[in-house]
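**Student:** In this note's numbering, the protein residues as written are 156 to 223. Just so you know, even glycine gets a beta-carbon here, dropped at the ideal spot from N, CA and C.
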């Protein structure tokens, strides 16, 4: 997955983390991308206020023409 910081994305599934829950299809903005032990990790600021580090399969990009 090739995404650049600032790209709009959404959660591909419900994500449970110690601070609560991010529901499926919650919109957010990609903050950063990194590689660790062969895995791609993404930091995402969700519109609902959470900032999470997620695996590639947990987010999907939102195309501009579909965001409206």
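Would you kindly check if the distance between the Cβ of residue 176 and the Cβ of residue 169 is under 8 Å?
**Tutor:** yes
**Student:** Near residue 195, which residues of its chain fall below 6 Å by C-beta distance, leaving aside the five closest residues on each side in sequence?
**Tutor:** Within the same chain, and ignoring the five residues on either side of residue 195 in sequence, the residues whose Cβ sits closer than 6 Å to its Cβ are 211.
**Student:** Between 164, 162, 218, 207, which has its C-alpha nearest residue 172's C-alpha?
**Tutor:** 207
**Student:** Among 182, 178, 174, whose alpha-carbon lies nearest the alpha-carbon of residue 219?
**Tutor:** 182
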